[in-house]
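Trainee:
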Amino acid sequence: MILDRRGLLGGGAAALGVMALPGIADATDPRDPIAPYRTPYKYPQRILSGSGVAGSFDEKAVDCPFVFSANGKFYLTYVGFDGRGYQTGICESDDLLNWKRVGLIMARDPDDPVTRHNIACASILRENELRSPARLIKVDGRYVAAWHAYPSAGYEEGPAVIGLAFSDDFLRWELGPVILRAEDGAEWERGGLYKPYLTKIGDTFHLYYNAKTTGQPWKEQTGLAISKDLKSWTRHPASPLLRPGPAGAPDFRFASDPVVVSHEGKWGMFYFGLARDGYARDLLAIGDSPTSFQKVDEVLIDVGAPGTIDEKYAHKPAIIYHDGALYHFYCAVSGKWPNDVRGLAVARSKPWI
Numbered sequence: 002m003i004l005d006r007r008g009l010l011g012g013g014a015a016a017l018g019v020m021a022l023p024g025i026a027d028a029t030d031p032r033d034p035i036a037p038y039r040t041p042y043k044y045p046q047r048i049l050s051g052s053g054v055a056g057s058f059d060e061k062a063v064d065c066p067f068v069f070s071a072n073g074k075f076y077l078t079y080v081g082f083d084g085r086g087y088q089t090g091i092c093e094s095d096d097l098l099n100w101k102r103v104g105l106i107m108a109r110d111p112d113d114p115v116t117r118h119n120i121a122c123a124s125i126l127r128e129n130e131l132r133s134p135a136r137l138i139k140v141d142g143r144y145v146a147a148w149h150a151y152p153s154a155g156y157e158e159g160p161a162v163i164g165l166a167f168s169d170d171f172l173r174w175e176l177g178p179v180i181l182r183a184e185d186g187a188e189w190e191r192g193g194l195y196k197p198y199l200t201k202i203g204d205t206f207h208l209y210y211n212a213k214t215t216g217q218p219w220k221e222q223t224g225l226a227i228s229k230d231l232k233s234w235t236r237h238p239a240s241p242l243l244r245p246g247p248a249g250a251p252d253f254r255f256a257s258d259p260v261v262v263s264h265e266g267k268w269g270m271f272y273f274g275l276a277r278d279g280y281a282r283d284l285l286a287i288g289d290s291p292t293s294f295q296k297v298d299e300v301l302i303d304v305g306a307p308g309t310i311d312e313k314y315a316h317k318p319a320i321i322y323h324d325g326a327l328y329h330f331y332c333a334v335s336g337k338w339p340n341d342v343r344g345l346a347v348a349r350s351k352p353w354i
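Numbering (my numbering), first residue to last: 2 to 354.
(1) May I ask which residues mark the beginning and end of the beta strand (DSSP E) holding P247?
(2) How big is the Cα-Cα spacing for A212 and K196?
(3) Return the CA-CA distance between S57 and F82, expressed in angstroms with no decimal places.
(4) Counting C-beta neighbours from all protein chains within 10 Å, is the total for A121 16 or more, i.e. buried, or is it exposed?
(5) Identify which residue in W234, P45 and H149 has its Cα closest to the Cα of T309.
(6) Where does S350 sit, in a helix, a strand or coil, going by DSSP?
(7) Write down the C-beta distance between D258 and Y272 rounded to the nearest angstrom, noting that I regard them as a contact closer than 8 Å.
(8) Output the distance between the C-alpha atoms of G266 and Y210, rounded to the nearest integer angstrom.
(9) If I measure Cβ to Cβ from N119 and keep anything under 7 Å in the same chain, skipping five residues before and after, which residues do I get?
(10) Which runs of the beta strand (DSSP E) fall wholly inside the region 205-284 and span at least 3 residues, in chain order?
(11) Measuring only the C-alpha atoms, how far is L22 from E299?
(12) What separation, rounded to the nearest whole angstrom, lies between the Cα atoms of L137 and V103?
(13) With three or more C-beta pairs closer than 8 Å as the rule, is the region 123-142 touching the region 90-105?
(14) Going by DSSP, what residue range makes up the beta strand (DSSP E) through D64?
(15) Assuming D64 and Y76 form a contact by the criterion Cβ under 8 Å, report the distance between their Cβ atoms to the nearest whole angstrom.
(16) Using only alpha-carbon positions, find the residue among T205, A333 and D169 that is nearest to Y144.
(17) Going by Cα to Cα distance, which pick from C92, V115, G90 and R132 is closest to R349?
(18) Please state if the CB of K317 and the CB of P66 are separated by a distance shorter than 8 Å.
(19) According to DSSP, is D185 helix, strand or coil?
(20) Going by DSSP, what residue range makes up the beta strand (DSSP E) through S168?
(21) How big is the Cα-Cα spacing for L284 and D33?
(22) Have a look at F253, G203 and R47 and flag the residue whose alpha-carbon is nearest the alpha-carbon of E130.
(23) For L165, count neighbouring Cβ atoms within 10 angstroms of its own Cβ and tell me buried if that reaches 16, exposed if not.
(24) By Cβ distance below 6 Å, which residues in the same chain neighbour I321 in space, the five residues on each side in sequence not counted?
(25) Expressed to the nearest angstrom, what Euclidean distance is found between the alpha-carbon atoms of D278 and K351?
(26) Under DSSP, the beta strand (DSSP E) around Q88 begins and ends at which residues?
(27) Would you tell me roughly how many angstroms separate the C-alpha atoms of Q295 and N340, rounded to the nearest one?
(28) Tell me which residue opens and which closes the beta strand (DSSP E) that Y322 is part of.
(29) In terms of residues, what are the limits of the beta strand (DSSP E) holding H81?
(30) Quick test of your reading: L243 and T223, contact by CB under 8 Å. State the CB separation rounded to the nearest angstrom.
(31) Mind listing, in chain order, the continuous beta strand (DSSP E) runs of no fewer than 3 residues lying wholly within the region 90-124?
(32) Is P241 closer than 8 Å to F255 when the C-beta atoms are compared?
(33) Cβ atoms of W234 and L208: under 8 Å apart, would you say?
(34) Taking the straight line between their C-alpha atoms, what separation do you get for L345 and S52?
(35) In whole angstroms, what is the alpha-carbon distance linking S228 and Y38?
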């Protein structure tokens, strides 16, 4: 039996076929409410891969992108896997396509029982409008990040917790205490917490996150915790906001890794789904409020054809708008587990010319 999350995502495909759009969906039609969120034009190569440098924090693979702009440049945080666990790095770019590694920004601490094996920075508080340049937002003069950490060595091993971190320059971070634990939550999250996405809506901080049920096989759903002061957090009663879909849905097993944006009075939640066919794809839900979403019956980023960089998974979204185009970063996986190749890729709303 496959017990770890990476192994589950790497399991064999079932009889269901891969869901695919019949063609390039229109990303500009003003009459179509989904059009502003579409990024149908994939760049065919990975924009970041495992370094391959022996002993480096990202030697084996890179995962979980988060993108923003600052100081006239673009920045992408990501987690690196070295065979033992996650740590978090950052890279920079002038054009959102060519990226230069800057270094490690959150490292595991062998003396800390929470982060001794893993520390994954999943998001930093930023502008959350869909068509914004995604500039970071300070709280009391400091940047705020949300991280999660798994208690055991390996790839996402054990029930993770969620915490916050604070920084003056978004490169050096001071970790705060854990703010959410699985054992304090409802039944849908008792198996462990996953990626948090932090936003501020009005005077309230919203922390979206996915979590898993206990037992085997588990399911993953997306919920919400809120706070006025970043210290005291309350799980929202509407949680889980996104539940797994029916048997034939692309999110039958997982509805995970939320990224929430606002657009013209609506709210969009990018997320990924895992289907019964064993493939993971990026999806979308739209709502009239930041606590109520309806799933869109369309795959935003589908897996690619055999032999492409995302033939197995196209998942874990990160969004930024620049020069009239929406960019959708994601984790692209090819090959078969445990020898799959995992890196970061990008699609956008206009062709690559």
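Quick reminder that beta carbons are idealized off the backbone N, C-alpha and C, glycines included.
Mentor: The structure says:
(1) Here the question's residue 247 lines up with position 246 in the sequence shown. P247 -> no beta strand (DSSP E), and no H or E assigned at all.
(2) Looking up residue 212 in the sequence shown gives position 211. Looking up residue 196 in the sequence shown gives position 195. If you take the alpha carbons of A212 and K196, they lie about 8 Å apart.
(3) Residue 57 sits at position 56 when you count from the first residue of the sequence shown. Residue 82 sits at position 81 when you count from the first residue of the sequence shown. Approximately 9 Å between the Cα atoms of the pair.
(4) Position 120 of the sequence shown, counted from the first residue, corresponds to residue 121. With 16 or more other Cβ atoms within 10 Å, it is buried.
(5) As a position in the sequence shown, residue 309 is number 308, starting the count at 1. Closest by alpha carbon: P45.
(6) For the purposes of this step, residue 350 is taken as residue 349 along the sequence shown, with counting starting at 1. Reduced to three states, the DSSP call for S350 is coil.
(7) On the sequence shown, residue 258 is found 257 positions in, with the first residue counted as 1. On the sequence shown, residue 272 is found 271 positions in, with the first residue counted as 1. The Cβ separation is near 6 Å, so the contact holds.
(8) On the sequence shown, position 265 is the one that residue 266 refers to. On the sequence shown, position 209 is the one that residue 210 refers to. Near 22 Å, if we compare the C-alpha coordinates of Y210 and G266.
(9) Here residue 119 refers to the residue found at position 118 when the sequence shown is read from its first residue. G86, Y87, R109, A150 and Y151.
(10) 205-213, 221-228, 255-264 and 267-275
(11) The residue you call residue 22 lines up with position 21 of the sequence shown. The residue you call residue 299 lines up with position 298 of the sequence shown. Only weak support is given to the placement of L22: the predicted model assigns it a pLDDT of 42, under 50, and the value that follows is read from those uncertain coordinates. Going from the Cα of L22 to the Cα of E299 covers about 8 Å.
(12) Working through the sequence shown from its first residue, we reach residue 137 at position 136. Working through the sequence shown from its first residue, we reach residue 103 at position 102. C-alpha separation (whole angstroms): 18 Å.
(13) no
(14) As a first step, residue 64 must be located in the sequence shown, where it is residue number 63. Residues A62 to A71.
(15) Here residue 64 is taken as the residue at index 63 of the sequence shown, counted from 1. Here residue 76 is taken as the residue at index 75 of the sequence shown, counted from 1. That belief does not hold up - the Cβ atoms of D64 and Y76 are roughly 17 Å apart, past 8 Å.
(16) For the purposes of this step, residue 144 is identified with residue 143 of the sequence shown, where counting begins at 1. Nearest option by C-alpha distance: D169.
(17) For the purposes of this step, residue 349 is taken as the residue at position 348 of the sequence shown. If we check each option's Cα against that of R349, R132 comes out closest.
(18) Counting from one through the sequence shown, the residue named residue 66 turns up at place 65. Counting from one through the sequence shown, the residue named residue 317 turns up at place 316. Cβ atoms of P66 and K317: closer than 8 Å.
(19) Mapped onto the sequence shown, residue 185 falls at position 184. Correct three-state label for D185: helix.
(20) As a working note, residue 168 is residue 167 in the sequence shown. V162 to S168 is the extent of the beta strand (DSSP E) around S168.
(21) Your numbering for residue 284 matches position 283 in the sequence shown. Your numbering for residue 33 matches position 32 in the sequence shown. Straight-line Cα distance between these residues: approximately 16 Å.
(22) Locating residue 130 in the sequence shown gives position 129, where the first residue counts as 1. When only C-alpha atoms are compared, the closest one is G203.
(23) Residue mapping note: residue 165 aligns to position 164 of the sequence shown, counting from 1. Answer is buried; the Cβ neighbour count reaches 16.
(24) Counting from one through the sequence shown, the residue named residue 321 turns up at place 320. So the qualifying residues of the chain are V68, A135 and Y328.
(25) Walking along the sequence shown from the start, residue 278 turns up at place 277. Walking along the sequence shown from the start, residue 351 turns up at place 350. The straight-line gap from Cα to Cα measures roughly 30 Å.
(26) As a first step, residue 88 is located in the sequence shown; it is residue number 87 there, counting from the start. From DSSP, the beta strand (DSSP E) with Q88 extends over Y87 to S94.
(27) Residue mapping note: residue 295 aligns to position 294 of the sequence shown, counting from 1. Residue mapping note: residue 340 aligns to position 339 of the sequence shown, counting from 1. Going from the Cα of Q295 to the Cα of N340 covers about 36 Å.
(28) In the sequence shown, residue 322 corresponds to position 321, counting from 1. Y314 to H323 is the extent of the beta strand (DSSP E) around Y322.
(29) Here the question's residue 81 lines up with position 80 in the sequence shown. In the sequence as displayed, the identity of residue 81 is Gly instead of His. Run containing G81: K74 to F82, per the beta strand (DSSP E) assignment.
(30) The residue labelled residue 243 in the question sits at position 242 within the sequence shown. The residue labelled residue 223 in the question sits at position 222 within the sequence shown. Confirmed, Cβ separation roughly 4 Å.
(31) 101-107
(32) In the sequence shown, residue 255 corresponds to position 254, counting from 1. In the sequence shown, residue 241 corresponds to position 240, counting from 1. No, Cβ-Cβ distance for F255 and P241 is not below 8 Å.
(33) Position 207 of the sequence shown, counted from the start, is the residue given in the question as residue 208. Position 233 of the sequence shown, counted from the start, is the residue given in the question as residue 234. Yes, they are a contact pair.
(34) Against the sequence shown, residue 345 aligns to sequence position 344. Against the sequence shown, residue 52 aligns to sequence position 51. Rounded to whole angstroms, L345 to S52 spans 12 Å at the Cα level.
(35) By one-based count along the sequence shown, residue 228 stands at place 227. By one-based count along the sequence shown, residue 38 stands at place 37. For S228 and Y38, the distance between alpha carbons rounds to 28 Å.
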